[in-house]
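Chains as they are written, first to last, in the numbering used here: chain A, 1338 to 1696; chain B, 19 to 507.
The next block holds one structure in the form of structure tokens; read it before the comments.
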Amino acid sequence: MNEPEMPDFSNAVRLTGWQWIGVGIFTVALILGAAPAWERVERFDLEPDYRMPYELSLDYWLYERYSRLAAIHSDTLLVGDSVVWGQYATREQTLSHYLNEEAHEEQFANLGLNGADPLALAGLMEHYGGGVTGKNVILQCNTLWMSSPERDFQLEPRFGHNHPRLVPQFFPTINGYKEEISPRMGIAVEQRLPFRGWTTHLQQVYYDKTDIPTWTLNHPYDNPFAAVTRGLPPTDDMLRYKPISWTKQGTKKEDMPWVDPETSLQWHAFQHAVEILEGRGNRVFVLVGPFNEHMLTDESLQRYQKVKLAIETWLREKNLPYLAPPPLPSELYADASHPLSEGYEILARQVFEALPWKK
Amino acid sequence: MLFHTWVFFVFFAIVYPVYLVSRKNNLLMNLWLMLASYTFYAWWNPSYILLLFGTSAIDYVMVLFMDRSQRWKKFWLIVSLVSNFGFLGYFKYSTFITTNLNLLFAQMHLSFALPDPASYANVFIPMINEVRLLVGQPPRGFFTEVILPIGISFHTFQSMSYTIDAYRGKIKTEYNFIRFLTFVSFFPQLVAGPIERASNLLPQLQSAPRITREDLSDGLSLFLVGFFKKVALADYLAKYVDQVYETPGQFQAPALVLATVAFAWQIYFDFSGYTDMARGIARVMGFRMMLNFNNPYVATGLGDFWSRWHISLSTWFKDYLYFPLGGNRGGTLLTYRNMFITMVISGIWHGAAWTFVIWGVLHAVGRILTRELERSQFYREQVPAFVKQVLVFAFVCFTWIFFRAQSLNDAWLVTSRIFSTGWVDPQFPLLMAILVLAVCAYQYLFTQSSLTRKLLEPALVRVGLVIAMITYLVIVAQPSTKAFIYFQF
Chain A
1338 MNEPEMPDFS NAVRLTGWQW IGVGIFTVAL ILGAAPAWER VERFDLEPDY
1388 RMPYELSLDY WLYERYSRLA AIHSDTLLVG DSVVWGQYAT REQTLSHYLN
1438 EEAHEEQFAN LGLNGADPLA LAGLMEHYGG GVTGKNVILQ CNTLWMSSPE
1488 RDFQLEPRFG HNHPRLVPQF FPTINGYKEE ISPRMGIAVE QRLPFRGWTT
1538 HLQQVYYDKT DIPTWTLNHP YDNPFAAVTR GLPPTDDMLR YKPISWTKQG
1588 TKKEDMPWVD PETSLQWHAF QHAVEILEGR GNRVFVLVGP FNEHMLTDES
1638 LQRYQKVKLA IETWLREKNL PYLAPPPLPS ELYADASHPL SEGYEILARQ
1688 VFEALPWKK
Chain B
19 MLFHTWVFFV FFAIVYPVYL VSRKNNLLMN LWLMLASYTF YAWWNPSYIL
69 LLFGTSAIDY VMVLFMDRSQ RWKKFWLIVS LVSNFGFLGY FKYSTFITTN
119 LNLLFAQMHL SFALPDPASY ANVFIPMINE VRLLVGQPPR GFFTEVILPI
169 GISFHTFQSM SYTIDAYRGK IKTEYNFIRF LTFVSFFPQL VAGPIERASN
219 LLPQLQSAPR ITREDLSDGL SLFLVGFFKK VALADYLAKY VDQVYETPGQ
269 FQAPALVLAT VAFAWQIYFD FSGYTDMARG IARVMGFRMM LNFNNPYVAT
319 GLGDFWSRWH ISLSTWFKDY LYFPLGGNRG GTLLTYRNMF ITMVISGIWH
369 GAAWTFVIWG VLHAVGRILT RELERSQFYR EQVPAFVKQV LVFAFVCFTW
419 IFFRAQSLND AWLVTSRIFS TGWVDPQFPL LMAILVLAVC AYQYLFTQSS
469 LTRKLLEPAL VRVGLVIAMI TYLVIVAQPS TKAFIYFQF
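Below, the structure is given as structure tokens:
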């Protein structure tokens, strides 16, 4: 007896070539159209002194959207890490706020992103900073990121990276960044495809910063599709860390080894960020620091001065307007790089004075 | 390299166009496919391509010897089988056997203990280090564990089927070494099957397979369904299953039952998803590979289940073990004995652990106990199909406990807690339940009758399903780098 003929398919999901072409068109439309369509659905209120919600520091799609809005409403955009964002300050105690006070109008927007070291910052500007075009930009150079081979990502950092999805995935090679090739490729795609950024945005805002399947494990009986009706959270109003001076915290002086700018990945990334911003027709003003030099041991301070000098030399050679202010009074720092509210106030006066485009 | 990762997409984007060009020359085509397949395999552990090459080369040479001398045919077959089972035994079972024998010796108060199998490989260390020094690598230390080469059971069985079929005179000798290497290592099915027979795949490698438009669209359809099964379903179910089976003692009956049912679907989606993707990739290249899963959870008997689950392995065991043992030709008792041996060995094939042995034994006992029942007129005609399907599914789920549990103790813990603990909210995600039920409903409609199947055939339904799957994949599901369950076998 002959064996019964084995079926070739165990389901009816078979499309013809033309049907596949139709599905392909739908998929492309979905990938290109979903994110812009979502922008029309999801309200984004740009309040005065807006800054990215702390919890959404990994939501680069939202950052991109915010940077576009900010570019429309403000003359000058402040780009940098948590020093610009205001780690130990409320949104009304930040550098951008005091700059607005100096200007007596809303001219300055806070585009700071927590944990955005220069490698991440360059990636942020390259892939999510398209809105920052033809504007005045104050770009903060936080020298802290060059204070050790670990912070410079020449060695793998003990606590991982703040923004692995922003750093270059293949070139230049970053010794301190360890990741498999496939996830790197996924990140490289995400950096270039707003759709992937949008799906991450949904996860960050509505699904407790995780993917929807994982979210359902914690909310087993909730309708996952209902979660997206909540709307965006408002701007970050909270004081995230207690604003206590480093001297009162009992923090000791540190012997930071510092990395020579010649070999520093972070410094080269910062230079790249400047190139990107200038390439988009922005007028760039660089703010070096304000680093808490009081916190360094004598030897470390000497090494730091050399680093700072090298940075200033490069900025002068590039004819870039910049300010490398003297350190703030010691008690106005919360740690190695973050000023307290009063420190921001002083810094804002110095920056405003130095700005070549101030009205 | 996993099919559902970016690396594979890049790999295939390079391999496919070159393959299309190289098809004009058969030797070039096979050479390219072989190189691609060895690269694919080397992605996990480059040194194991030596093993893949070695086992293939031995089988190739043995069949050449068989071809030359009919008198020594059996001898060459034995050499081939011994080498294949030798490699498989060392890499897959030696640690398990040694551990259990040493335990037995200890129980018997014998001072003798077998050495760690990893230490056997240390005799090669001086040679390995000389090679490493030649290529500028630092010398390596002693081996401390036997690392299981991925998919070893699959490619070994595929290669063995060739020598056995050649011995039986069922297939012609393959003289082209490159083509034979390609047959054993063909990357779509290298690490998790389907275990293709030489009689099916080798002829397809002898000339450039025709690629029709239907092949392209069917290949895409197969790949998408497999991708969805793996990324959207299997990996999602794994999240619930893993947390329960990691610490079964912390969960009550409802969660344990649901995790077991979820695992039944997880392993099905995982494995059949791999097969679908493998078949899809092969199909767009013009190759046809066998169906490996045919809706196994609609089976109405255990025999039916095994004709639908991992078909390439079931038929392999049937052809190369069950029938040679005598099959069902020697009376009832001998038939049961043959069934028992086949099922237990099938269990052991999956892994070197007592849990897999018990899993095989349970299926063997189940199959023996229900064989007569399944053949009875009462069962065939009086018992509603749905009841039979539920009973078979329940039994298969029960056996999956042993397959999934990390140890026999855990399996016993899960089983006992299912029957002894009370009701506690299992916190089983609603979305997960809806997805599984949707698949159940689909399979029911597809297999119930030709009338219900027709409901699934209109273009609107098929295109709608594909669009739903793609939308779910790109928005809801997460990019996954989770390996397939069956890779470990």
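Beta carbons: idealized from backbone N, C-alpha and C, even for Gly.
Across the structure, D288/B and F1490/A are spaced so that their CA atoms are roughly 38 Å apart.
Of the other Cβ atoms in all chains shown, fewer than 16 fall within 10 Å of the Cβ of G1471/A; this residue is therefore exposed. Contact residues of the region 1527–1550 of chain A toward chain B are F1532, T1536, L1539, D1548, I1549 and P1550 (C-beta to C-beta distance below 8 Å).
In the three-state scheme derived from DSSP, where H, G and I count as helix and E and B as strand, N1451/A is classed as coil. At a Cβ-Cβ threshold of 8 Å, W1583/A and A1671/A count as neighbours. The criterion of a C-beta distance shorter than 8 Å is not satisfied by G1497/A and G1449/A. Within the region 260–292 of chain B, no complete alpha helix (DSSP H) segment of 4 residues or longer occurs.
DSSP places T1413/A inside the beta strand (DSSP E), whose first and last residues are T1413 to G1417. In summary, the residues of the region 1342–1371 of chain A whose CB is separated from some CB of chain B by less than 8 Å are M1343, P1344, D1345, F1346, S1347, N1348, A1349, V1350, R1351, L1352, T1353, G1354, Q1356, W1357, G1359, V1360, F1363, T1364, L1367, I1368 and A1371, in the order they occur in the chain.
The bridge partners DSSP lists for I1475/A are L1415/A and F1622/A.
Proximity of chain A to M450/B at the Cβ level (cut-off 7 Å) is accounted for by T1553, in chain order. If the five residues before and after W334/B are omitted, its C-beta is found closer than 7 Å to the C-beta atoms of F175, S179 and I213, all from its own chain and listed in chain order. For P1557/A, the nearest beta carbon of chain B is closer than 8 Å to its own beta carbon. Against chain A, a Cβ distance below 7 Å from P497/B picks out G1523. For the 8 Å CB-CB criterion, S235/B and W1651/A do not form a contact.
Taken in chain order, the complete beta strand (DSSP E) segments of 3 or more residues contained in the region 1341–1425 of chain A are 1413–1417. For E392/B, the closest Cβ of chain A is not nearer than 8 Å. Between the region 408–415 of chain B and the region 1505–1522 of chain A there are fewer than three C-beta pairs closer than 8 Å, too few to call the two in contact.
As the crow flies, the alpha-carbon of R435/B is around 17 Å from that of F281/B. Its chain contains F335, L339 and Y340 as the residues whose beta carbon lies nearer than 6 Å to that of T360/B, once the 5 sequence neighbours on both sides are disregarded; these appear in chain order. Listed in chain order, the alpha helix (DSSP H) elements of length 4 or more contained wholly in the region 179–227 of chain B are 195–203 and 216–224. The shortest CA-to-CA distance from L1406/A to any of M1632/A, Y1514/A, G1468/A and F1445/A is the one to G1468/A.
When DSSP states are grouped into helix, strand and coil, L1633/A belongs to the strand group.
Residue-level contact by beta carbon holds for F464/B and chain A, with a gap shorter than 8 Å. Any Cβ of chain A closer than 8 Å to the Cβ of F29/B would place that residue at the interface, and such an atom is absent.
The shortest C-alpha to C-alpha distance from Y1558/A to any of I452/B, F421/B and T200/B is the one to I452/B. Annotation for F195/B: Y78 place their beta carbon closer than 7 Å to its own, counting only its chain and skipping 5 residues before and after. Apart from the 5 residues on each side of it in sequence, Q1608/A sits with its Cβ closer than 8 Å to the Cβ of W1651 in its chain, given in chain order.
Counting only runs of at least 4 residues, the region 302–340 of chain B fully encloses the following alpha helix (DSSP H) elements, listed from N- to C-terminal order: 320–324 and 329–335. Residue pairing by DSSP places E1591/A opposite L1633/A in a beta bridge.
Around the beta carbon of Q1430/A, 16 or more other beta carbons sit within 10 angstroms, so the residue counts as buried. Rounded to the nearest angstrom, the gap between the Cα atoms of F30/B and A256/B is 27 Å. Under the three-pair Cβ rule at 8 Å, the region 1538–1545 of chain A counts as touching the region 1384–1397 of chain A.
When DSSP reads this structure, Y1681/A sits in no beta bridge, so it has no partner. Put simply, the CB of P1561/A is near chain B, with a gap under 8 Å to one of its CB atoms. Separation of V36/B and I229/B (C-alpha to C-alpha, rounded to the nearest whole angstrom) is 15 Å.
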